[in-house]
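If you're matching positions, the sequence shown starts at 572 in this note's numbering and goes up one per residue. Backbone N, C-alpha and C define an ideal beta-carbon position, used for all residues, glycine too. Just below is one structure, and these are the notes that go with it.
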Amino acid sequence: MAGFTNPARSIFTSIRELVENSLDAADVARIPPEIYIRLSKDGDSDDTYTLRVADNGSGISPHHIPLAFGQFLFSSKYRLKQARGTFGLGGTMAILYGQITTNKPVKVISSTGKSLIVEYRLLIDIEKNRPIILDRKIHANPRAKSKRWRGTVVEIHLRGSYAQAMPKVLEYLKQTAMVNPYANIIFIDPRGRLYKFDRTVEKMPPPPKEINPHPYGVDVETLQRIMRSTTEDNMLKFMQKHFHRVGEKIARDFLKRAGISEDRDPKTLRPEEIVDLVEKMKEYDGFLPPEADCLSPLGEDLLREGVLKELEPEFVAVRQRKPSAYSGHPFIVEVAIAYGGKVPAKDDILLYRFANKIPLVYDESGDVCWKIVRSINWRRYNLTPNMPFAIIIHVCSTKIPYKTLGKEILADQLEVSREILNGIREVARQLARYLSRKERVKRQVRRLAVFSRYLPKIARFSAGLAGRRPPDISKLYQRKQVFKGFITSGKYVDSEIFDSHRYSVVFVHIQNKHKENPAAVRVLGLVNSKWEVLIPESTLTSGSEIYETLRGRYKAVKIQAKSLKPDKKSLIDAYIDGLSQ
């Protein structure tokens, strides 16, 4: 069974498939996911476990539950729009694996938020591909709608090895939290250890829209299925109704080139004619490219939030590429690069891969993303593989170009590879500019620290030699410590205000002196009696510092700081230097 090849992989795949079903259910309900996962040992056995996954998603209608969990190829997701799964196999495969290895049924509890909660105990009849209902119970949901429970609980028994699977399971959950920053995820492992991944935003990405298949992406089986179900009695109307972005003009031109009469009934095409029609569709160059309405990318803001939450970097750059297509399938590539902070420095580049918001944590070496990352000359961007930076790649599409059935390796599809490469180059250039600016400002601040130490002495000594009063050096240069040992809280707090109206260049130096906890900081300037953000929110990890240069005339400058995580305080020192040209 694909994905269940060994005890460790079986545990991992079962958790992954049920969690993805829960995320999809929350997407359908358009509410931020609340997912609870518990893996516990069955009795004294070392290799038999109970896996329970609960969510707050859309729930399942009572009469659909047996088919949804006890029959293969039963799914509402067999259509052309972005989804984590396609055929509804993953969750049922996990249930079947548990049944084969333990001979125990699956327990499913679900409610759509109405007056009833339904509980089933099921087995799968493998030969007849149908559910066997062992037990069915009805529970009352509270009368008050505001107190009614909605969601699904799935509990299976399975054999495996959590000790071997643990690193991959925890990495999978961390990456899932990264690419779903609007989700709350709780995991309790067999030893009772609690892992919490808290949401940082409530906003969810827009849902995908369902569209017709594009002619370039249709295969023979799909075309036959469409023909069997169509109500159109001629090919001209058939092409317009069932295919994406095919109008009357394009349909007429294509049918003429394909040598098929516009008035012919689609149901009368022979099998060999259908095969020929599919080939002609792929050869015809007049079809319009597919639109991206059927996709639901994360967006730059949500991806940035997820990276900041889980990696806590010093710097992050995010880029969403424009929609593109391969073989009639629309796709969007989103790329991020994170540097410093708690991003570990490794001998090789740290790469995170995602497809339709699914972390890909196995079989890394065969993935095209690795091929692309290793083909880049990182020294052009002031980087080397052993520096603390990470690449994050997310591909979303109606059909992810997987290399294998395990859904872990992206194939080398030319159009997709090109977009990934260009996306990486864009964010790498942003990081290169940041590193150059950081080093330049760092040198300037060090020079100014020396300058501030000796300038007053030089001014007094020179004035004494000339028999004059010491000049006011603050018109030329001034340094002020605006935060000193400041302990952050969950809300932004202002520093002392630096009067910067006389200076054309302002240098900002912020330090987080806490040994463990990160902070969030930003810099504001007073422009026309209104405070404006000059440097947007940046993450300052424990022991790190930020150097920034501000050019232009501002009446005043201040720094705001807060804890990155509300319950974890940090310790901030900050200096502002003003210099006249």
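Three-state secondary structure assigned by DSSP to residue i
{"i": "K1153", "result": "There is no way to answer for residue 1153, as the model of the chain reaches only from 572 to 1152."}
{"i": "N1083", "result": "strand"}
{"i": "T657", "result": "Summary for T657: the model assigns pLDDT 44, below 50, so the residue's position carries little reliability, and this model does not support an answer."}
{"i": "V789", "result": "coil"}
{"i": "H1072", "result": "coil"}
{"i": "F758", "result": "strand"}
{"i": "K1133", "result": "strand"}
{"i": "D872", "result": "helix"}
{"i": "L1150", "result": "strand"}
{"i": "Y668", "result": "helix"}
{"i": "L1142", "result": "strand"}
{"i": "R1122", "result": "strand"}
{"i": "E1116", "result": "strand"}
{"i": "I920", "result": "coil"}
{"i": "V679", "result": "strand"}
{"i": "R1039", "result": "coil"}
{"i": "K648", "result": "Low confidence applies here, because K648 scores a pLDDT of 39, under 50, leaving its location unreliable; read the following figure in that light. Looking at K648 - three-state DSSP - the assignment turns out to be coil, as it is neither helix nor strand."}
{"i": "L765", "result": "strand"}
{"i": "K708", "result": "strand"}
{"i": "F1078", "result": "strand"}
{"i": "I703", "result": "strand"}
{"i": "P633", "result": "helix"}
{"i": "F925", "result": "strand"}
Nearest neighbour of residue i, chosen from the options [CA to CA]
{"i": "N1083", "options": "L1095, T1110, E1067, V1076", "result": "T1110"}
{"i": "R799", "options": "K1051, H1085, L840", "result": "L840"}
{"i": "V1104", "options": "S632, Y1074, D1065", "result": "D1065"}
{"i": "Q811", "options": "D804, Q795, A822, T801", "result": "A822"}
{"i": "N577", "options": "S1113, S732, F1032", "result": "S732"}
{"i": "I586", "options": "E726, D1144, T802", "result": "E726"}
{"i": "T1120", "options": "Q1015, A1090, E605, I995", "result": "Q1015"}
{"i": "V599", "options": "G722, I697, I1029, G1114", "result": "G722"}
{"i": "R1050", "options": "R1017, G1035, R719, G1061", "result": "R1017"}
{"i": "R1043", "options": "G628, D696, K1028, L1095", "result": "Reading the sequence as shown, one finds Asp at residue 1043 and not Arg. Here the closest residue by C-alpha is K1028."}
{"i": "T1112", "options": "V1092, H1072, V1053", "result": "V1092"}
{"i": "G628", "options": "K808, S946, F858, V724", "result": "V724"}
{"i": "A916", "options": "H900, P894, P956, C940", "result": "P956"}
{"i": "H1085", "options": "D613, K1133, V1012", "result": "K1133"}
{"i": "G641", "options": "S616, I703, T584", "result": "I703"}
{"i": "T619", "options": "T1059, D626, I582, L594", "result": "I582"}
{"i": "R828", "options": "F809, K851, I1081, V904", "result": "K851"}
{"i": "S681", "options": "T802, G994, K1046, A639", "result": "A639"}
{"i": "G1061", "options": "V1098, F1032, K1140, T584", "result": "K1140"}
Residue i: first and last residue of the uninterrupted alpha helix (DSSP H) it sits in
{"i": "V887", "result": "Here V887 belongs to no alpha helix (DSSP H); instead the beta strand (DSSP E) covers 886-891."}
{"i": "L981", "result": "Here L981 belongs to no alpha helix (DSSP H), and DSSP marks it neither H nor E."}
{"i": "R580", "result": "578-600"}
{"i": "H813", "result": "806-813"}
{"i": "Y743", "result": "733-750"}
{"i": "F825", "result": "819-829"}
N-terminal and C-terminal residue of the beta strand (DSSP E) that residue i is part of
{"i": "R692", "result": "687-696"}
{"i": "T955", "result": "Premise fails: T955 is in no beta strand (DSSP E) and is neither H nor E."}
{"i": "I608", "result": "605-612"}
{"i": "E1108", "result": "1101-1111"}
{"i": "G1056", "result": "1048-1058"}
{"i": "S626", "result": "First, the residue type needs correcting, since residue 626 is Asp and not Ser in the sequence shown. First-last of the beta strand (DSSP E) with D626: 619-626."}
{"i": "S968", "result": "960-968"}
{"i": "L638", "result": "Segment 636-641 is the alpha helix (DSSP H) holding L638; no beta strand (DSSP E) there."}
{"i": "K913", "result": "Premise fails: K913 is in no beta strand (DSSP E) and is neither H nor E."}
{"i": "S895", "result": "895-897"}
{"i": "I947", "result": "I947 -> no beta strand (DSSP E), and no H or E assigned at all."}
Residue i vs residue j beta-carbon contact at 8 Å
{"i": "N592", "j": "G662", "result": "yes"}
{"i": "V966", "j": "V987", "result": "yes"}
{"i": "R890", "j": "V914", "result": "no"}
{"i": "Y897", "j": "P784", "result": "no"}
{"i": "L1135", "j": "P1089", "result": "yes"}
{"i": "V772", "j": "L882", "result": "no"}
{"i": "L992", "j": "N953", "result": "no"}
{"i": "V1021", "j": "F1069", "result": "no"}
{"i": "D615", "j": "A597", "result": "no"}
{"i": "P837", "j": "F814", "result": "no"}
{"i": "F1078", "j": "D1144", "result": "no"}
8 Å Cβ cutoff, residue i in contact with chain C
{"i": "H1085", "result": "Looking for chain C here will not work: only one protein chain is present."}
| Three or more C-beta pairs below 8 Å linking the segment 823-834 and the segment 867-882 | no
| field | Cβ contact check for the segment 997-1005 and the segment 929-945: 3 or more pairs under 8 Å | value | no
| Per the contact definition of three or more C-beta pairs closer than 8 Å, is the segment 740-751 in contact with the segment 908-926? | yes
| query | Is the segment 755-774 touching the segment 699-713, taking contact as three or more C-beta pairs under 8 Å? | reply | no
| said: Three Cβ pairs or more, each shorter than 8 Å: is that satisfied between the segment 696-710 and the segment 595-612? | reply: no
| message | Quick test of the definition: if touching needs 3 or more C-beta pairs under 8 Å, does the segment 857-864 touch the segment 775-789? | response | yes
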